[in-house]
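**Q** Following this message is one structure expressed as structure tokens.
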Amino acid sequence: MALLQTDNLTAHYGDFQALFGVDIRLQEGETVAIIGANGAGKTTLMRSISGVLTNRADAIIFDNDRIGSAHAADIVKKGIAMVPEGRKLFPSLSVEENLLIGAHGRKVSGAWTLESVYEMFPVLKERRLNPGTALSGGQQQMVAIGRALMSNPRVLLCDEISLGLAPVIIKDIYAALPKIKETGTSIVVVEQDIGQALKVADRVYCMMEGRVTLEGAPSDLSRDAIHNAYFGAAA
Amino acid sequence: MIWADTIVQGVLLGGLYALFAAGLSLVFGIMRLVNLAHGDLIVMAAYLILVLVTLLGIDPFLAALISAPVLFGIGWLLQMHVLNRTLGPDILPPLLVTFGLSIVIQNALLEGFSADSQRLSVGALETASLALGPLNVGVMPLLTFLSAVLVIVGLNRLFYSTSLGRAFRATSDDAVTASLMGIRPQNIFATATGIAMVVVTIAALYLGTRANFDPTIGPARLIYAFEAVIIGGLGSLWGTLAGGIIIGVAQTLGAAINPEWQILAGHVAFVIVLLFRPRGLFPRAVD
């Protein structure tokens, strides 16, 4: 049994259907990448799993618990935390307060504390009293990742963590993922940058127009298969 | 010396206006909800204190202490079951619903207590005064002002030094992302309104001991509260105290020149501040 799975997951924005029967699986300790172009439904999938969009109760199963219709706040308590697209730091809160609020709903002891987050991203400790939004884009992404880790989640959802960042910063951000994985956290990474995704993932799902078009381990997937699944066979 | 006395009286009166305004500022700061029934809720709280004083024969201060948790509960339920349903991108529903609530409260109070004026008596404290240098200051106005300062200090500590305050600010910034932190915005909003109702109880205590009240005076208190909040800068608690003081001083100075100018002078001060500082004196950096 997978730690997290979606079962025939659909999602709508009004009359527009964004997901069509999506099935994904995440095993304990695994890192899964979800790749796809803009509008493929990746972020909608993350919003569904994190409870921002509600669904049928049995559309999402986490540790044998049907969580599809649960409130986002309850999903955090169960152990799924999200780094949202665009970072979404709280402007009224300092860097440290942004980190602390990550543990608001789930106070469990684990590998991640304020100190261990500062150890992974030392620059945040230097700027801990600054408003979160006064930081550079890369530093803000570090805060967003640290904030999600503060709840010591069993599953970390990372939505487009490289978006809008310089390549050298993306490298630093992605260097944190293996450290997070070492603590036993399972990770779902949503990415448009195929190269980055393939480097960190144990398995990859490719999405197009709200459907999963390809699944497999990075080593099993040919360049052409990924190209076809990402852009469509006719592209 | 008369002018110094007038200004001191104005500052102390400003404390009462700041108390009227603090609850309004708190609710607006967290959920951008303009509660048009705020003044009527203050009057309703004054009647609750009056009922406890009359029925139990207790001191108004003790009655306010008993009323505070009751009004916290009323505020919590009101927000959870009525006002939360009105929140959204459209600002009209909360305005309409709280306007309706204002009419409901006024009419319910008229039914229950008639249109007769009432007053909370605190005995000898009403006329007690302290000599501060050459000035004589009433104990009750001084208590009102000190209570306002304590309320503002308390709310600021709650906001900036507690995890609940952190949750308030995060929810105010972005309710959807706050829910990803394990926060239920609806609960946070209900708690905020509950706390605002505790402040309303304190305001009601001093309103009832300072002057007569009847079921229809709520909207006028709302206007003073609004003016204090807007002069201070939306969402700023210390600004709300400053706003209350500016209105209070303007009113007492106006009254010193001509008693008919008291109310007008407060409104004129509001307009002047608005002309030169449209966002108020201490607007929050992020709004």
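Just so you know, the sequences run in chain order F and V.
Numbers given in our numbering equal positions in the first sequence, counted from 1, plus 10.
Numbers given in our numbering equal positions in the second sequence, counted from 1, plus 87.
Ideal placement from N, C-alpha and C gives every residue a C-beta, glycine not left out.
None of the values given here were measured: they were computed from a predicted structure.
In the segment 246-269 of chain V, which residues sit with their C-beta less than 8 Å from some C-beta in chain F, listed in chain order?
**A** Taking 8 Å as the Cβ-Cβ cut-off against chain F, the residues of the segment 246-269 of chain V that qualify are Ser250, Arg253, Ala254, Arg256, Ala257, Ser259, Asp260, Asp261, Val263, Thr264, Ala265, Ser266, Leu267, Met268 and Gly269.
**Q** Name the chain V residues whose beta carbon is nearer than 7 Å to that of glutamate 107 of chain F?
**A** Taking the first residue of the first sequence as 1, we reach residue 107 of chain F at position 97. Near glutamate 107 of chain F (Cβ distances below 7 Å), the residues of chain V are Arg253.
**Q** Could you tell me whether any non-hydrogen atom of the ligand SAH is closer than 6 Å to the CB of leucine 294 of chain V?
**A** By its list of ligands, the structure shown contains no ligand whatsoever, and the ligand SAH lies outside what it can speak to.
**Q** Rounded to whole angstroms, what's the CA-CA distance from isoleucine 317 of chain V to alanine 113 of chain F? Just pull it up for me.
**A** Locating residue 317 of chain V in the second sequence gives position 230, where the first residue counts as 1. Locating residue 113 of chain F in the first sequence gives position 103, where the first residue counts as 1. Taking the straight line from one Cα to the other gives about 35 Å.
**Q** Report the neighbours of arginine 271 of chain V on chain F: residues whose CB is nearer than 8 Å to its CB, in chain order.
**A** Stepping through the second sequence from its first residue, residue 271 of chain V is reached at position 184. Those within 8 Å of arginine 271 of chain V in chain F are His81 and Ala83.
**Q** Does the CB of leucine 13 of chain F have a neighbour CB from chain V at under 7 Å?
**A** Numbered from its first residue, the first sequence carries residue 13 of chain F at position 3. It does not; no Cβ of chain V falls within 7 Å.
**Q** In chain order, what are the residue ranges of uninterrupted beta strand (DSSP E) at least 3 long that sit wholly in the segment 72-134 of chain F?
**A** Segments of the beta strand (DSSP E) lying fully in the segment 72-134 of chain F: 90-93.
**Q** For serine 229 of chain F, count neighbouring Cβ atoms within 10 angstroms of its own Cβ and tell me buried if that reaches 16, exposed if not.
**A** By 1-based counting over the first sequence, the position of residue 229 of chain F is 219. The residue in question, serine 229 of chain F, is exposed, as its Cβ has fewer than 16 Cβ neighbours within 10 Å.
**Q** With 16 as the cutoff for other CB atoms within 10 Å, does serine 259 of chain V come out buried or exposed?
**A** Here the question's residue 259 of chain V lines up with position 172 in the second sequence. Classification for serine 259 of chain V: buried.
**Q** Just to confirm my understanding: we take proline 101 of chain F, look at its own chain, exclude 5 residues before and 5 after, and list those with CB closer than 8 Å. What are they?
**A** As a first step, residue 101 of chain F must be located in the first sequence, where it is residue number 91. These residues qualify, in order along the chain: Pro141, Gly142 and Thr143.
**Q** Roughly how many angstroms lie between the CA atoms of alanine 342 of chain V and alanine 298 of chain V, to the nearest whole one?
**A** If you number the second sequence from 1, residue 342 of chain V lands on position 255. If you number the second sequence from 1, residue 298 of chain V lands on position 211. Each residue's Cα considered, the two are about 17 Å apart.
**Q** Would you decide whether tryptophan 163 of chain V is buried or exposed? Buried here means 16 or more other CB atoms lie within 10 Å of its CB.
**A** Against the second sequence, residue 163 of chain V aligns to sequence position 76. Its Cβ being crowded by 16 or more others within 10 Å, tryptophan 163 of chain V is buried.
**Q** Would you please verify whether the beta carbon of aspartate 374 of chain V is less than 7 Å from any beta carbon of chain F?
**A** Working through the second sequence from its first residue, we reach residue 374 of chain V at position 287. Any answer about aspartate 374 of chain V is weak, because its pLDDT of 42 lies below 50 and its placement is not dependable; what the coordinates show is given next. No, aspartate 374 of chain V lies away from the interface with chain F (no Cβ there is under 7 Å from its Cβ).
**Q** I'd like the span of the beta strand (DSSP E) that includes asparagine 223 of chain V, first residue to last.
**A** For the purposes of this step, residue 223 of chain V is taken as the residue at position 136 of the second sequence. Its beta strand (DSSP E) spans residues 222-225.
**Q** How would you list, in chain order, the residues of chain V whose beta-carbon sits under 7 Å from the beta-carbon of lysine 98 of chain F?
**A** Within the first sequence, the letter at position 88 stands for residue 98 of chain F. Residues of chain V passing the Cβ test: Asp261 and Thr264.
**Q** In chain order, which continuous runs of the alpha helix (DSSP H) of length 4 or greater are located wholly inside the segment 110-167 of chain V?
**A** Counting whole runs of 4 or more residues, the segment 110-167 of chain V contains the alpha helix (DSSP H) stretches 125-143.
**Q** Going by DSSP, what residue range makes up the alpha helix (DSSP H) through isoleucine 344 of chain V?
**A** Here residue 344 of chain V is taken as the residue at index 257 of the second sequence, counted from 1. Taken as a continuous stretch (DSSP letters only), the alpha helix (DSSP H) holding isoleucine 344 of chain V covers 324-344.
**Q** Whose CA, out of F:Ser196, F:Arg137 and F:Val105, lies closest to the CA of alanine 43 of chain F?
**A** Stepping through the first sequence from its first residue, residue 43 of chain F is reached at position 33. Selected option, being the one with the closest Cα: F:Ser196.
**Q** What does the Cβ neighbour count give for valine 373 of chain V, buried or exposed, with the cut at 16 atoms within 10 Å?
**A** Within the second sequence, the letter at position 286 stands for residue 373 of chain V. Residue confidence is low: valine 373 of chain V scores 44 on pLDDT, short of 50, so the model does not pin down where it sits. Its coordinate-derived value is still stated next. Exposed, by the Cβ-count rule.
**Q** For the putative contact between proline 302 of chain V and alanine 155 of chain V, defined by C-beta atoms under 8 Å, what is the C-beta separation to the nearest angstrom?
**A** In the second sequence, the residue the question calls residue 302 of chain V occupies position 215. In the second sequence, the residue the question calls residue 155 of chain V occupies position 68. 21 Å between Cβ atoms; not a contact.
**Q** State buried or exposed for asparagine 376 of chain V, treating a residue as buried only when at least 16 other CB atoms are found within 10 Å of its CB.
**A** Absent from the structure is residue 376 of chain V, since the part of chain V shown begins at 88 and ends at 374.
**Q** Could you name the residues of the segment 110-133 of chain F whose beta carbon sits closer than 7 Å to any beta carbon of chain V, in the order they occur along the chain?
**A** Answer in chain order: Leu110, Ile111, Gly112, His114, Gly115 and Arg116.
**Q** Name, please, each residue of chain B whose Cβ falls closer than 8 Å to the Cβ of valine 165 of chain F.
**A** The chain inventory of the structure shown lacks chain B, comprising the protein chains F and V.
**Q** Decide yes or no for the touch test of the segment 94-102 of chain V against the segment 260-267 of chain V: beta carbon pairs closer than 8 Å, at least 3 of them.
**A** Touching, no, given that fewer than three Cβ pairs across the two stretches are closer than 8 Å.
**Q** Just list the residues that DSSP pairs threonine 16 of chain F with in beta bridges.
**A** As a first step, residue 16 of chain F is located in the first sequence; it is residue number 6 there, counting from the start. F:Ile70.
**Q** Suppose you measure from the CA of leucine 267 of chain V to the CA of leucine 188 of chain V; what does that come to, to the nearest Å?
**A** In the second sequence, the residue the question calls residue 267 of chain V occupies position 180. In the second sequence, the residue the question calls residue 188 of chain V occupies position 101. Using only the alpha carbons, I get a separation of about 33 Å.
**Q** With burial defined as no fewer than 16 other Cβ atoms inside 10 Å of the residue's Cβ, what is the status of glycine 242 of chain F: buried or exposed?
**A** Translated into positions along the first sequence, residue 242 of chain F becomes position 232. Its Cβ having fewer than 16 others within 10 Å, glycine 242 of chain F is exposed.
**Q** Let me check understanding here. Comparing Cα to Cα, which of V:Pro365, V:Ile153 and V:Thr339 lies closest to isoleucine 89 of chain V?
**A** Stepping through the second sequence from its first residue, residue 89 of chain V is reached at position 2. Nearest C-alpha to isoleucine 89 of chain V: V:Thr339.
**Q** Specify, as a first and last residue, the run of the alpha helix (DSSP H) that leucine 362 of chain V falls within.
**A** In the second sequence, residue 362 of chain V corresponds to position 275, counting from 1. Taken as a continuous stretch (DSSP letters only), the alpha helix (DSSP H) holding leucine 362 of chain V covers 349-363.
**Q** When the cut-off is 7 Å and only beta carbons count, does serine 102 of chain F lie next to chain V?
**A** Here residue 102 of chain F is taken as the residue at index 92 of the first sequence, counted from 1. Yes - at least one Cβ of chain V is within 7 Å of the one on serine 102 of chain F.
**Q** Find the nearest neighbour of proline 163 of chain F within the set F:Ile204, F:Gly156 and F:Ala91, judged by alpha-carbon distance.
**A** Here residue 163 of chain F refers to the residue found at position 153 when the first sequence is read from its first residue. The shortest Cα separation from proline 163 of chain F among F:Ile204, F:Gly156 and F:Ala91 belongs to F:Ala91.
**Q** Do we get a CB-CB distance below 7 Å when we pair valine 86 of chain F with the residues of chain V?
**A** Along the first sequence, one-based indexing puts residue 86 of chain F at 76. Yes, contact with chain V.
**Q** Can you give me, in chain order, the residues of the segment 38-65 of chain F that have a beta carbon less than 8 Å from any beta carbon in chain V?
**A** The segment 38-65 of chain F vs chain V, Cβ under 8 Å: Ser60, Gly61 and Val62.
**Q** If the criterion is Cβ atoms closer than 7 Å, does the pair arginine 116 of chain F and serine 60 of chain F meet it?
**A** Here residue 116 of chain F is taken as the residue at index 106 of the first sequence, counted from 1. Here residue 60 of chain F is taken as the residue at index 50 of the first sequence, counted from 1. Not closer than 7 Å, so no.
**Q** So for glutamate 201 of chain F, helix, strand or coil by DSSP?
**A** For the purposes of this step, residue 201 of chain F is taken as the residue at position 191 of the first sequence. Looking at glutamate 201 of chain F - three-state DSSP - the assignment turns out to be strand.
**Q** Suppose you measure from the CA of glycine 199 of chain V to the CA of glycine 110 of chain V; what does that come to, to the nearest Å?
**A** Taking the first residue of the second sequence as 1, we reach residue 199 of chain V at position 112. Taking the first residue of the second sequence as 1, we reach residue 110 of chain V at position 23. Using only the alpha carbons, I get a separation of about 25 Å.
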